[in-house]
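*Asks:* Pasting a structure here, questions to come.
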Amino acid sequence: MKTVLITGATSGIGLQLASDYLKDGWQVIACGRNAEKLAALQAQNPAHCQTLSFDVTEREAVLAAGQSLTQSLDLVILNAGTSIYIDDAKHFDSERFSRLMQTNLLGMAYCLEAFTRHIPAGGQLALVGSSAYLFPFTRAEAYGASKAAIAYLAQSLTLDLKPHQIAVSLITPGFVQTPLTDQNDFPMPMRIPVTKAVADIRQGLAKRKKLISTPASFVFFLRLLNRLPYSLQLWLGQRMVRA
Ligand SMILES: NC(=O)c1ccc[n+]([C@@H]2O[C@H](COP(=O)([O-])OP(=O)(O)OC[C@H]3O[C@@H](n4cnc5c(N)ncnc54)[C@H](OP(=O)(O)O)[C@@H]3O)[C@@H](O)[C@H]2O)c1
17 MKTVLITGAT
27 SGIGLQLASD
37 YLKDGWQVIA
47 CGRNAEKLAA
57 LQAQNPAHCQ
67 TLSFDVTERE
77 AVLAAGQSLT
87 QSLDLVILNA
97 GTSIYIDDAK
107 HFDSERFSRL
117 MQTNLLGMAY
127 CLEAFTRHIP
137 AGGQLALVGS
147 SAYLFPFTRA
157 EAYGASKAAI
167 AYLAQSLTLD
177 LKPHQIAVSL
187 ITPGFVQTPL
197 TDQNDFPMPM
207 RIPVTKAVAD
217 IRQGLAKRKK
227 LISTPASFVF
237 FLRLLNRLPY
247 SLQLWLGQRM
257 VRA
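One point on numbering: in the numbering used here, the residue at position 97 of the sequence shown is 113, and numbering is uninterrupted.
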């Protein structure tokens, strides 16, 4: 039986991943802050589901979670994340920026420290980034920067974990229907159901793909935009800025 550890398993993409891996007979270690939601997930299959409740921004708590593990991890999916917009760039709120970076980026680093050492040769590590870093989106100074950093982190880790025979996947979703995007009040082209996103992600992970994009066509389009001259990308981005 294979074991997968998933952060952010109480909602959205992480919850769907955890439920689907459980249904497929995997041993699932589900992580999140919300103990009630973790308990509800565990109730789906108590014999195969273990839970770890911690805040990814608290390094000591994350490391303690790692130390509590007694088994090796065939697959680790670092998915916990949030979105905080910078609404007034002129009066830049570095506290909001810092809070977002703490969760999306430093939280991921703490999880890398806690869990990567439990992945044996032949195992896999997946980082959930976003396709948002491919294009200059308005108000996304913090979110986009965190996801750009994660993309680089994944590339560099791919090189340095190869000698340990650990495969690294970067997951770059477009818009997926989850509580995170339910809060958005702007058009979200090609927003897909979480079941479809997770089916694509799981298929990519089964093939040990280095880059997993879902929905593929939307992310491909963003990658094309990313190849445009810098000034043209900014001109297109400017058209989305609210008056
Ligand atoms: N939905 C999209 O369209 C989309 C697109 C691109 C990328 N993504 C990325 O996909 C990942 C999951 O997003 P989602 O849409 O599924 O969001 P979601 O429904 O809001 O779920 C976020 C998950 O992250 C966990 N989390 C947040 N802050 C945490 C913290 N400080 N400590 C521990 N866990 C924390 C939450 O758990 P608790 O509340 O229990 O702590 C929750 O399980 C994120 O990294 C997001 O950036 C999403």
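Backbone N, C-alpha and C define an ideal beta-carbon position, used for all residues, glycine too.
Measure the C-alpha to C-alpha separation of residue 166 and residue 52 and round it to an integer number of angstroms.
*Replies:* Translated into positions along the sequence shown, residue 166 becomes position 150. Translated into positions along the sequence shown, residue 52 becomes position 36. If I take the Cα positions, the gap works out to 29 Å.
*Asks:* Considering only C-alpha positions, which residue in the set 242, 257, 55, 57 is nearest to residue 151?
*Replies:* Start at 1 with the first residue of the sequence shown, and residue 151 comes out as number 135. The option with the nearest alpha carbon to residue 151 is 242.
*Asks:* Bridge partners for residue 227 per DSSP, in chain order?
*Replies:* Within the sequence shown, numbered from 1, the residue matching residue 227 stands at position 211. Residue 227 is bridged to 186.
*Asks:* Can you tell which of 143, 191, 139 has its C-alpha closest to the C-alpha of residue 235?
*Replies:* Residue numbering aside, residue 235 sits at position 219 when the sequence shown is read from its first letter. The shortest C-alpha separation from residue 235 is found at 191.
*Asks:* Report all residues from its chain with a CB closer than 8 Å to the CB of residue 66; omit the five preceding and five following residues, and keep chain order.
*Replies:* The count along the sequence shown starts at 1 and reaches residue 66 at position 50. Hits under 8 Å: 43, 44, 45, 46, 58.
*Asks:* My output table needs one value for residue 14: the three-state DSSP class, helix, strand or coil.
*Replies:* Outside the displayed range of the chain (17 to 259) lies residue 14, so it cannot be described from this structure.
*Asks:* Between which two residues does the alpha helix (DSSP H) holding residue 125 run?
*Replies:* By one-based count along the sequence shown, residue 125 stands at place 109. Element bounds for residue 125: 123-131.
*Asks:* Cα separation between residue 258 and residue 155?
*Replies:* Numbered from its first residue, the sequence shown carries residue 258 at position 242. Numbered from its first residue, the sequence shown carries residue 155 at position 139. So the alpha carbons of these two residues sit roughly 10 Å apart.
*Asks:* Counting only runs that start and end within the segment 129-206, where is the alpha helix (DSSP H) found for 4 or more residues in a row?
*Replies:* Qualifying alpha helix (DSSP H) stretches, in chain order: 157-177, 195-198.
*Asks:* Below 7 Å, is the gap between the Cβ of residue 49 and the nearest heavy atom of ligand 1?
*Replies:* Looking up residue 49 in the sequence shown gives position 33. Under cutoff, so the answer is yes.
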